[in-house]
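Protein sequence lines correspond, in order, to chains C and W.
Under the working numbering, the first sequence is numbered contiguously, ending at residue 188.
Under the working numbering, the second sequence is numbered contiguously, ending at residue 188.
Even for Gly, the Cβ is constructed at its ideal location relative to N, Cα and C.
Number of protein chains: 2
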Amino acid sequence: MVHGHEAPRTSRQRILEAAYLVIERDGATGLTLDAVAAEAEVSKGGLLYHFPSKEALVSAMMVGLCEAFGAAASEAAEADPEPVGRTVRAYLAASAGEVGRSRRWLALVGALALYPELVDIWRADVLAGLVADEEEGIDPAAAAIVRLTADGLWLSGVLGLSEVVADVRPQVLKRLEEMSRSRS
Amino acid sequence: MVHGHEAPRTSRQRILEAAYLVIERDGATGLTLDAVAAEAEVSKGGLLYHFPSKEALVSAMMVGLCEAFGAAASEAAEADPEPVGRTVRAYLAASAGEVGRSRRWLALVGALALYPELVDIWRADVLAGLVADEEEGIDPAAAAIVRLTADGLWLSGVLGLSEVVADVRPQVLKRLEEMSRSRS
DNA sequence: ACTACTTTACCGGCTGGACGGTAAAGTAAC
DNA sequence: GTTACTTTACCGTCCAGCCGGTAAAGTAGT
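This is the structure:
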């Protein structure tokens with residue numbers, strides 16, 4: 005970490021980043037082992053050394069994105085002084101923020117069609133959020149609506165419908181904020 | 005058309021139905037021309053006579069689903085005595101109803117990854133809904149939240165996360181109903 | 001410090017199967 | 001005999017995963 009210290013990126017990291025790049029650029033169907041290997045400047049054999057199958061690669065991508073989302077949410081939660089509904093608001097913030105709007109999701113959802121089991125990674129996170137809500141004593145229905153609306157917003161972004169709802173977006177966000185403060 | 009009148013289903017219809025069946029059963033990746041042809045008991049050439057490409061087939065599936073959704077929504081709208089927010093409520097009802105929860109969507113979204121342009125079919129419907137809202141004088145933010153939450157609910161179903169939110173579902177629906185009655 | 005062996009990391013050609021699509025021939029109704 | 005529909009047979013491409021090989025970096029016994 006002294007100066008000049010190039011990222012000592014491992015091959016594995018390089019490959020993962022290349023995979024994100026490829027899927028953003030070429031879509032889910034463009035995500036082939038050859039393409040990723042080329043982008044990462046590794047041979048296909050090398051790629052398969054680090055990720056024994058395509059599914060393993062996609063799984064790692066999924067985990068990576070979920071972690072990034074979780075990190076963004078945690079950050080938002082820590083910065084929030086009000087305990088009630090802190091977790092939902094963090095979820096909302098993360099969804100509305102950079103990670104939530106990343107183009108990476110779009111294609112990755114497409115890739116999910118290939119390996120439906122990978123939704124479980126997601127499911128676990130959703131579950132954890134609901135548990136947190138309950139502990140915070142927030143009105144469960146309100147919390148659910150906030151989360152679901154955030155998901156809907158996310159979806160509209162993924163499907164490229166976000167311009168359609170762009171006008172009301174700020175107001176929606178404000179309303180959800182308010183709802184997140186209602187106790188049960 | 006006398007009695008006993010089996011569906012005089014055209015080959016085209018048979019093929020479309022077979023396609024839905026296959027995609028429900030085998031997922032987006034299982035939707036191959038061969039599989040659909042086999043299921044419809046037509047030869048592959050026969051299939052391609054009616055749908056000149058796979059994209060044409062998927063497009064027809066998309067249109068069919070959107071029409072079914074639209075029909076369900078229209079029905080709900082007509083049965084609704086209160087004019088304000090009628091369209092949003094219809095949207096909500098359709099989403100929460102049979103068509104909205106159909107497993108067909110699941111895989112079809114996956115197939116969208118193959119032909120991203122097909123989202124436009126969708127987009128048109130979304131736009132039409134927003135226009136209707138405006139004419140009804142409903143609070144736009146409330147309307148948006150209702151719609152987006154419905155989408156979130158739909159998404160949770162598609163991703164198989166619906167059991168997770170099953171408990172709050174009725175309450176959420178009730179709240180949304182209420183919101184749909186707020187004037188602008 | 002030299003040798004023998006193992007592990008880690010990586011290369012790249014190959015293959016076998018799947019899949020979208022084509023084309024020509026056949027059938028039957030009108 | 002022409003139109004509408006259907007079949008059979010085939011082609012070309014793409015791609016995941018496999019596999020034989022290599023080279024450098026440990027590890028350890030002597």
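Bridge partners of residue 187 of chain C, per DSSP?
C/142
8 Å is my cut-off, CB to CB: does residue 164 of chain W come that close to chain C?
yes
Inter-residue Cα distance where the pair is residue 156 of chain C and residue 43 of chain W
35 Å
In terms of residues, what are the limits of the alpha helix (DSSP H) holding residue 67 of chain W?
58–82
Ends of the alpha helix (DSSP H) at residue 38 of chain C?
37–44
Could you name the residues of the stretch 98–127 of chain C whose beta carbon sits closer than 8 Å to any beta carbon of chain W, in the order they occur along the chain?
111, 113, 114, 115, 116, 117, 118, 120, 123, 126, 127
Helix, strand or coil at residue 14 of chain W according to DSSP, with G and I counted as helix
coil
Which residue from C/70, C/78, C/104 puts its Cα closest to that of residue 127 of chain C?
C/70
Note down the Cα distance separating residue 76 of chain W from residue 83 of chain C, rounded to an integer number of angstroms.
44 Å
Cβ contact (3+ pairs, closer than 8 Å) linking the stretch 136–144 of chain C and the stretch 84–93 of chain C
yes
If the cut is a Cβ gap below 7 Å, which residues of chain C does residue 144 of chain W touch?
172
Find the residues of chain W that neighbour residue 16 of chain C, judging by a C-beta separation of less than 8 Å, and give them in chain order.
Near residue 16 of chain C there are no residues of chain W at all, since even the closest Cβ is about 26 Å away, more than 8 Å.
Under three-state DSSP, which class holds residue 92 of chain C?
helix
Would residue 181 of chain C and residue 105 of chain C be called neighbours here (beta carbons separated by less than 8 Å)?
no
Determine the burial state of residue 53 of chain W: buried for a count of at least 16 other Cβ atoms within 10 Å of its Cβ, exposed for fewer.
exposed
Residues near residue 112 of chain C by beta carbon distance below 8 Å, same chain, minus five either side
27, 32, 62, 65, 66, 69
Would you kindly work out how many angstroms separate the C-alpha atoms of residue 15 of chain W and residue 37 of chain W, rounded to a whole number?
15 Å
Whole angstroms is fine: what's the gap from residue 131 of chain W's alpha carbon to residue 167 of chain C's?
10 Å
Can you tell me whether residue 25 of chain C is helix, strand or coil according to DSSP?
helix
Candidates W/185, W/149, W/124, W/173, of which the one nearest residue 170 of chain C by Cα
W/149
Could you check whether the Cβ of residue 149 of chain W sits closer than 8 Å to any Cβ belonging to chain C?
yes
Where residue 53 of chain W falls: helix, strand or coil (DSSP)
helix
When you check each C-beta in the stretch 27–45 of chain W against every C-beta of chain C, which residues fall closer than 9 Å?
31, 32, 33
Beta carbons nearer than 9 Å to chain C: which residues of the stretch 55–84 of chain W have them?
none
Go ahead and pull the three-state DSSP assignment for residue 30 of chain W.
helix
Identify the contact partners of residue 130 of chain W in chain C, using a Cβ-Cβ distance below 7 Å as the criterion.
165, 168
From residue 115 of chain C to residue 184 of chain C, what distance separates their C-alpha atoms?
33 Å
Taking 6 Å as the limit between beta carbons, can you name the residues of its chain near residue 146 of chain C, skipping five residues before and five after?
183, 186
For residue 172 of chain W, name the three-state secondary structure that DSSP assigns.
coil
Provide the residue span of the alpha helix (DSSP H) that contains residue 114 of chain C, from first to last.
107–116
Whose CA, out of W/173, W/152, W/108, W/188, lies closest to the CA of residue 138 of chain W?
W/188
Please decide whether residue 93 of chain W counts as near chain C, where near means a Cβ-Cβ distance under 8 Å.
no
Buried versus exposed call for residue 154 of chain C [16 or more other C-beta atoms within 10 Å across all chains shown]
buried
What residues in its chain sit with their C-beta under 8 Å from that of residue 95 of chain W, if we drop five residues either side in the sequence?
77, 133, 150, 151, 154
Is the Cβ of residue 179 of chain C closer than 8 Å to any Cβ of chain W?
yes
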